[in-house]
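If you read the sequences in order, they're chains A and B. Counting in the numbering used here, the first sequence runs from 35 upward without gaps. Counting in the numbering used here, the second sequence runs from 35 upward without gaps.
Protein chains: 2
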Amino acid sequence: MQISQLGEFGLIQRIKTALPQPPPEVIVGIGDDVAVLKISDSEYLLATCDVQVEKVHFSRTAISPYQLGRRIAAINVSDIAAMGGSPWWALASLALPPELETEFVDALYEGMQEQLGIAGAVIVGGNLSRIDKDMVIDLCLLGKVAPENLLLRSGARRGDLILVTGWLGDSRAGLEVIRRPELSISHKGRRQVEQRHLTPQPRLREGQELGSCGLVHALVDVSDGLLGDIRHICRASRVGAEIWVGNLPISSAAKEIAHASGHNVSDWALVGGEDYELLFTASPESSAQIQGILGERTGTWCHVVGRIVDEAEGLQVCLENGTKIVFSEGFAGWDHFAGEKL
Amino acid sequence: MQISQLGEFGLIQRIKTALPQPPPEVIVGIGDDVAVLKISDSEYLLATCDVQVEKVHFSRTAISPYQLGRRIAAINVSDIAAMGGSPWWALASLALPPELETEFVDALYEGMQEQLGIAGAVIVGGNLSRIDKDMVIDLCLLGKVAPENLLLRSGARRGDLILVTGWLGDSRAGLEVIRRPELSISHKGRRQVEQRHLTPQPRLREGQELGSCGLVHALVDVSDGLLGDIRHICRASRVGAEIWVGNLPISSAAKEIAHASGHNVSDWALVGGEDYELLFTASPESSAQIQGILGERTGTWCHVVGRIVDEAEGLQVCLENGTKIVFSEGFAGWDHFAGEKL
Chain A
35 MQISQLGEFG LIQRIKTALP QPPPEVIVGI GDDVAVLKIS DSEYLLATCD VQVEKVHFSR
95 TAISPYQLGR RIAAINVSDI AAMGGSPWWA LASLALPPEL ETEFVDALYE GMQEQLGIAG
155 AVIVGGNLSR IDKDMVIDLC LLGKVAPENL LLRSGARRGD LILVTGWLGD SRAGLEVIRR
215 PELSISHKGR RQVEQRHLTP QPRLREGQEL GSCGLVHALV DVSDGLLGDI RHICRASRVG
275 AEIWVGNLPI SSAAKEIAHA SGHNVSDWAL VGGEDYELLF TASPESSAQI QGILGERTGT
335 WCHVVGRIVD EAEGLQVCLE NGTKIVFSEG FAGWDHFAGE KL
Chain B
35 MQISQLGEFG LIQRIKTALP QPPPEVIVGI GDDVAVLKIS DSEYLLATCD VQVEKVHFSR
95 TAISPYQLGR RIAAINVSDI AAMGGSPWWA LASLALPPEL ETEFVDALYE GMQEQLGIAG
155 AVIVGGNLSR IDKDMVIDLC LLGKVAPENL LLRSGARRGD LILVTGWLGD SRAGLEVIRR
215 PELSISHKGR RQVEQRHLTP QPRLREGQEL GSCGLVHALV DVSDGLLGDI RHICRASRVG
275 AEIWVGNLPI SSAAKEIAHA SGHNVSDWAL VGGEDYELLF TASPESSAQI QGILGERTGT
335 WCHVVGRIVD EAEGLQVCLE NGTKIVFSEG FAGWDHFAGE KL
């Protein structure tokens, strides 16, 4: 069987099953975005990697090397944020074509360092290699978290509300305006969504507040798309989820661009992915309090977009007209091998 | 300027210079094979990455996926060994073509896990991605070391002897028999050097003994070739070195294959690289004691191959006929961008 038939998540599951059971100091191992590793009683080490492949994840004509550096760093910082943690140290592995200009590498590192610096992390090493064709960049980010602040995918409970920070669908709208520069839309809207796609801002302080407030049950970042990522929570927590389309936080810029390009903006918010917002669950009693804490301490608003239900009910999307769409078990959001979004 | 003109080590220096000074908890940062990071007063975290690119570092026709997994793990374990440390946790990032068979991935992980398992490490995460053409594998290995056992490149002193474990040139001989299967050589010799090239055995216990014996001044592993790696010690320690070609430990298999293929076996030992032996310096008074400790506790012999001299004397190779060759400052061993060995 080819790996594209098995898909990214099927392949991860296959690898996990074949490997020996990890020792107890591995709090979270293969299958999550971030490994959680006990280095002392008072501190866990967090470790995450993200590979960006030219022509698969980015195009050198659409993103500047500085933006690319920021983006790669932001994706990793977002993963650490989604554990309630703090970024610490980064290793950058680059496979680069030999004819690449040194200025490209300078700007790439400048972007990585700037985004990592904001997050409190430093680049401490990595590896450089030649590649004949498309470049590959793998950033490995280490972080730390106090055990009592760690948030996992697996803590969601039936009856929890599902909340998300900021806005969904902007990144997908940004991709649309980059692909179709001829679209007739406002300059401000174009600029907003382009930035959200090219240089997303990870919700680091928000993740840390969610981790330390003691009110959140489960947390992930929105990288694969709202439906893909809530599915991660559902699987790990053995629950189902109901997503309320009428409640999705969608910016007027995303609405404008979806309209101009003939797309359904709700689809972008549900499966667009790469928004790097935080998606979490909490009891209905604490949700307003969490909204208050986040708003007051970070200036970021979060919206209730659904609720956790019994596992048997699966993943359901409730449209504004009252229709419910039930997603089958096979649905998993963005798949890096299939290369197709739902 | 293109990065191939600057070269791997020039590019690393350029990146290091552009980045801000790291905080004091970064004991060793960019420029070494391994980052050394203070996580507590009694423990340092070690972090290293190695990228293997298809058709640059390996060919799927010459190495099995199981061997490839072992090899990638061994390269990283060797880096941790060269700090006197112990491997702990690994993250594997793979960019794979979608048509790859799942059995390839199974065997690759089996190889990685087996080599890492011997070294006491477990795979805890990573990242999977699609790539359209040649696969890229980046293994990031974390390790630990007690501060008093840490060995760096920078501790060599004038008058030290230079020692190396095991044998030099076998890996290059292995590459020769893989490239030229028609060579008329003994089955035993072919098998020995092929294994040394495809599945090198990292000198982990040896590195740990060297770290804890308190007698070693500087340590690296032989990945870029003896001359390239002693140059790393010279630069970091601000010393020069004299290499005695007549003392190089060369196996009879490597001699046989060099003879059959019309090569100079000393060149293979000096610049062949990828032997993953340990290269270290110690005072003449402790060298015999270290040889005794290593031999007794690990069964591995080490040979004196030269001595540390004044920085002004540079890097000198003393041939058996009495001739001295002095290498210029520009020489740096294997360069991953220039892609040429000396």
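Don't be surprised by glycine CBs; every beta carbon is placed ideally from N, CA and C.
Within the same chain, Cβ atoms closer than 6 Å to the Cβ of residue 190 (chain B) are found at 251, 252, 267, 271, 273, 315 and 342, the five residues on either side in sequence being excluded.
Just so you know, the alpha carbons of residue 78 (chain A) and residue 78 (chain B) end up roughly 15 Å apart. A distance below 6 Å between beta-carbons, with the five flanking residues on each side excluded, links residue 199 (chain B) to the following residues of its chain, in chain order: 237, 240, 311, 312, 334 and 336. Contact annotation: residue 83 (chain A) and residue 209 (chain A) have beta-carbon atoms that are not nearer than 9 Å.
Fewer than three pairs of CB atoms, one per stretch, sit closer than 8 Å, so the segment 211 to 228 of chain B makes no contact with the segment 321 to 334 of chain B.
In terms of Cα proximity to residue 307 (chain A), the closest of A:320, A:276, A:256 and A:332 is A:256. Taking a beta-carbon distance threshold of 9 Å, residue 269 (chain B) does not count as an interface residue toward chain A. Residue contact with chain B for residue 163 (chain A): present (Cβ-Cβ distance below 9 Å to some residue of chain B).
Residue contact with chain B for residue 38 (chain A): present (Cβ-Cβ distance below 9 Å to some residue of chain B). Rounded to the nearest angstrom, the gap between the Cα atoms of residue 157 (chain B) and residue 105 (chain B) is 15 Å. Put simply, of B:96, B:94 and B:86 the residue whose alpha carbon is nearest the alpha carbon of residue 108 (chain B) is B:86. The Cβ of residue 129 (chain A) sits closer than 9 Å to at least one Cβ of chain B.
With distances taken between CA atoms, residue 245 (chain A) lies nearest to A:183 out of A:183, A:151 and A:301. Counting of Cβ neighbours within 10 angstroms places residue 296 (chain B) among the exposed residues, the total staying below 16.
In the three-state reduction of the DSSP assignment, residue 36 (chain A) falls in the strand class. Listed in chain order, the non-local C-beta contacts of residue 350 (chain B) below 6 Å within the same chain comprise 276, 358 and 360, local neighbours out to five positions each way being set aside. DSSP places residue 350 (chain A) inside the beta strand (DSSP E), whose first and last residues are 349 to 352. The alpha-carbon of residue 278 (chain B) is positioned some 11 Å away from that of residue 261 (chain B).
At a cut-off of 9 Å between beta-carbon atoms, residue 236 (chain A) makes no contact with chain B. With a 10 Å radius around the Cβ and a threshold of 16 neighbouring Cβ atoms, residue 112 (chain B) comes out buried. Apart from sequence neighbours up to five positions away, the residues of its chain that approach residue 340 (chain A) with a beta-carbon distance below 7 Å are 196, 275, 276, 277 and 278, ordered along the chain. At least one beta carbon of chain B lies nearer than 9 Å to the beta carbon of residue 74 (chain A).
For secondary structure counted as the alpha helix (DSSP H) over 4 or more consecutive residues, the segment 173 to 259 of chain B holds these complete runs in sequence order: 204 to 213, 221 to 232 and 238 to 246.
Under the DSSP assignment, residue 84 (chain B) falls in the beta strand (DSSP E) whose first and last residues are 77 to 87. Counting along the chain, residue 74 (chain A) sits inside the beta strand (DSSP E) bounded by residues 69 to 74. In chain order, 135, 136 and 137 make up the part of chain A whose C-beta sits under 9 Å from the C-beta of residue 35 (chain B).
The beta carbon of residue 67 (chain A) sits closer than 8 Å to those of 82, 113, 116, 254, 255 and 257, all from its chain and outside the five residues before and after it, given in chain order. One finds 52, 53 and 54 in chain B with Cβ atoms closer than 9 Å to the Cβ of residue 147 (chain A), taken in chain order. When the beta-carbon positions are compared, residue 194 (chain B) and residue 309 (chain B) stay at least 9 Å from each other. Judged by DSSP secondary structure, residue 131 (chain B) falls outside any beta strand (DSSP E); it is assigned neither H nor E. Comparing C-alpha distances from residue 177 (chain B) to each of B:298, B:302 and B:122 shows the shortest one belongs to B:122. Listed in chain order, the positions of the segment 171 to 199 of chain B with a beta carbon within less than 9 Å of a beta carbon of chain A are 172, 174, 176 and 178. Residue 83 (chain B) belongs to the set of residues whose beta carbon lies under 9 Å from a beta carbon in chain A. Residue 308 (chain A) carries a coil assignment under DSSP once its states are collapsed to helix, strand and coil.
Nearest in C-alpha terms to residue 181 (chain B), of all of B:207, B:248, B:164 and B:348, is B:248. Two segments are said to touch when three or more pairs of C-beta atoms, one from each, lie closer than 8 Å; by this definition the segment 278 to 287 of chain B does not touch the segment 89 to 97 of chain B.
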